[in-house]
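Participant: Supplied in structure tokens, the structure appears directly below.
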Amino acid sequence: MVSIYDTDAIEALRIRNAVQPHRIKLFRNALFKNALGRAGALAELPEDARGEFARNIDFQVLEFTERHDSEIDGASKLVFKTTDGHLIESVVLRPATGRTSLCISSQVGCACSCSFCATGKMGFTRNLTADEILDQVTQASRIVKPEGRSIRNVVFMGMGEPLLNLEPLFQSLDFLRAAPFFNYAGSRLMVSTVGIPHAMERFSEKHPDVQLALSLHSARQEVREKLMPQARKYTLDMLRESLLETSRHGKVMIEYLMLSGVNDGDEDFQALVNYLRDIPAHINIIPFNEYAGCNLRGTPQLERKAFADRLKAAGFDTTLRYSLGADIAAACGQLVQHKKGI
Ligand code: SF4
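The sequence shown maps to residues 40 to 381 in my numbering.
Next comes the structure, spelled out in structure tokens:
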């Protein structure tokens, strides 16, 4: 069996079956752009070649196992099982703007152990392959198609730290952007990181038009270290160098999760303003989704708004984000492997 993303093997299959190149183009369009699934893609091939393609190609590597739909907003958590039995999660977000987004995972679990994150408490199991990353997009596109929706934006904000799985990340971004495959503009894709300086620089050299979002959460070294153990290794000073470098390609997205009594005081505000001076940045203020077993508390909405207003007054592009999917544990930092697949 060959992977649907193995272009050389599919080209060999095409030649062996004397299929015209334009039929392969239609086949891929059906699968990746029109979300018609395996049967819809095979229907684009000459009849006498369909059997051979059906027998030889692995169209998907993940098994779709569960779906949880939010009762308070338009989020759906999709649970997939890998062939070696691990469960991973993706989240479909349907905000009021009507623009459907998909949040995907890049690893099974995560080694970064951020104190506010449920995934971090699972520990790290393994990296996902590029096929497993892409399959989340292919299958989610098919799942939302009956609603008349298509996935407009793809964000790497699910389980895992994408920049610690760099080669599969790069391969999957290549496919997401490639015209014969998903054909996403770089501006429709976003990768979120805790801040791995050398990887951030490699990333912005290779994909300068894909949005990079840094989970900063504090501009005070001692506070950041408590929230994110990776901060001990990659200090704020090191990250600032990388931010200056990556921002040569455009504005950097700064994610700032607001935690009551932790990073929402005057000192925190001032540190943030000083830290981001001279860096073209867009700051996202994010609410914290509390969950059992975590003793952190989110900053109340009015205080978040006041913090955001002060940042705007200080000259920063700032957005006050709302969370989707909190009731189905699908919101930021809540994705977790609830049960073992094996
Ligand atoms: S916030 Fe991201 S990087 Fe940190 S533990 Fe969770 S999944 Fe890993």
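Glycine included, each C-beta is placed from N, C-alpha and C at the ideal position. Quick caveat, the model's predicted, so the values are computed rather than measured.
1) Just checking, does the segment 169-184 make contact with the segment 202-210 on the three C-beta pairs under 8 Å criterion?
2) Name the residue from Val100, Leu65, Thr136 whose alpha carbon lies nearest to the alpha carbon of threonine 84.
3) Expressed to the nearest angstrom, what Euclidean distance is found between the alpha-carbon atoms of lysine 378 and asparagine 328?
4) Assign aspartate 303 to one of two classes, buried (16 or more other C-beta atoms within 10 Å of its C-beta) or exposed (fewer than that).
5) Just list the residues that DSSP pairs isoleucine 325 with in beta bridges.
6) Considering only residues of the same chain and omitting the five flanking positions on each side of alanine 80, which have a CB-CB separation below 7 Å?
7) Answer yes or no: the CB of cysteine 142 versus the heavy atoms of ligand 1, is any distance below 8 Å?
8) What whole-angstrom Cβ distance do phenylalanine 355 and leucine 315 have, given they're in contact under 8 Å?
9) Here's a check: name, in chain order, each residue in its chain whose Cβ is nearer than 7 Å to the Cβ of alanine 88, leaving out the five neighbours to either side.
10) Quick check on the DSSP output: what are the complete alpha helix (DSSP H) runs of length 4 or more inside the segment 155-213, in order along the chain?
11) Report the three-state DSSP secondary structure of glutamate 244 (helix, strand or coil).
12) Quick check: is any heavy atom of ligand 1 less than 8 Å from the C-beta of glycine 199?
13) Starting from valine 147, trace the alpha helix (DSSP H) in both directions and tell me its first and last residue.
14) On the DSSP bridge assignment, give the partners of cysteine 142 in chain order.
15) Aspartate 305: which of Arg133, Ala51, Ser257 sits nearest, CA to CA?
16) Tell me whether threonine 158, by its Cβ, gets closer than 8 Å to a heavy atom of ligand 1.
17) What I want to know is whether the C-beta of phenylalanine 98 ends up closer than 8 Å to one or more non-hydrogen atoms of ligand 1.
18) Exposed or buried, isoleucine 381, counting other C-beta atoms within 10 Å across all chains shown (16 or more means buried)?
19) When you compare the segment 251-265 with the segment 220-236, are there three or more beta-carbon pairs, one atom per stretch, that lie closer than 8 Å?
20) Identify the residues that DSSP records as bridge partners of serine 254: which are they?
21) In its own chain, which residues sit with a C-beta less than 6 Å from the C-beta of aspartate 108, not counting the 5 before and 5 after it?
22) Could you tell me whether the segment 89-103 touches the segment 43-52, using the rule of 3 or more Cβ pairs below 8 Å?
23) If I measure Cβ to Cβ from glutamate 145 and keep anything under 8 Å in the same chain, skipping five residues before and after, which residues do I get?
24) Counting pairs of Cβ atoms below 8 Å between the segment 215-229 and the segment 239-255, do you hit three or more?
25) Leaving out five residues before and five after phenylalanine 92 in sequence, what residues of the same chain have Cβ atoms less than 7 Å from its Cβ?
26) Check for me: the alpha helix (DSSP H) holding aspartate 276 runs from which residue to which?
27) Quick check on DSSP: helix, strand or coil for glycine 90?
28) Using three-state DSSP, classify lysine 379 as helix, strand or coil.
29) Any heavy atom of ligand 2 closer than 8 Å to the Cβ of serine 180?
30) Looking at ligand 1, does it come within less than 8 Å of methionine 267, judged from the CB to the closest heavy atom?
31) Alpha carbon to alpha carbon, what distance is there between glycine 148 and serine 211?
32) Between the alpha carbons of threonine 139 and alanine 179, how many angstroms are there, rounded?
Facilitator: If we stick to the structure as given:
1) yes
2) Residue identity check: residue 84 is leucine in the sequence provided, not threonine. Closest by alpha carbon: Leu65.
3) Reliability fails at lysine 378, whose pLDDT of 44 lies under 50, so the model's placement of it is uncertain and the value that follows must be treated cautiously. Answer to the nearest angstrom: the Cα atoms are 21 Å apart.
4) buried
5) For isoleucine 325, which the question treats as bridged, DSSP gives the partners Leu296.
6) Phe66, Ala69, Leu70
7) Answer for cysteine 142: no, Cβ out of range of ligand 1.
8) 7 Å
9) Asn56, Val58
10) 169-183
11) helix
12) In this structure, glycine 199 has its CB closer than 8 Å to one or more heavy atoms of ligand 1.
13) Annotation for valine 147: no alpha helix (DSSP H) segment contains it, though the beta strand (DSSP E) segment containing it runs 146-148.
14) Per the DSSP secondary-structure output, cysteine 142 pairs in a beta bridge with Val130, Val194.
15) Ser257
16) yes
17) no
18) Its pLDDT being 27, under 50, isoleucine 381 is placed unreliably by the model, and the measurement read from it follows with that caveat. Flag for isoleucine 381 reads exposed.
19) yes
20) Glu294
21) Close CB contacts of aspartate 108 within its chain, under the 6 Å cut and outside five residues either way in sequence, are with Ser115 (chain order).
22) yes
23) One point to set straight first is that residue 145 is serine, not glutamate, in the sequence displayed. So the qualifying residues of the chain are Asn166, Leu167, Ile172, Phe195, Gly197, Met198, Gly199, Glu200, Pro201, Asn204, Pro207, Leu208.
24) yes
25) Leu52, Leu81, Leu84
26) 275-285
27) helix
28) Unreliable placement is indicated for lysine 379, whose pLDDT of 37 sits below 50; no coordinate value is reported for it.
29) With respect to ligand 2, the structure shown offers nothing to examine, as its ligands consist of ligand 1.
30) yes
31) 19 Å
32) Cα to Cα, the separation comes out at about 11 Å.
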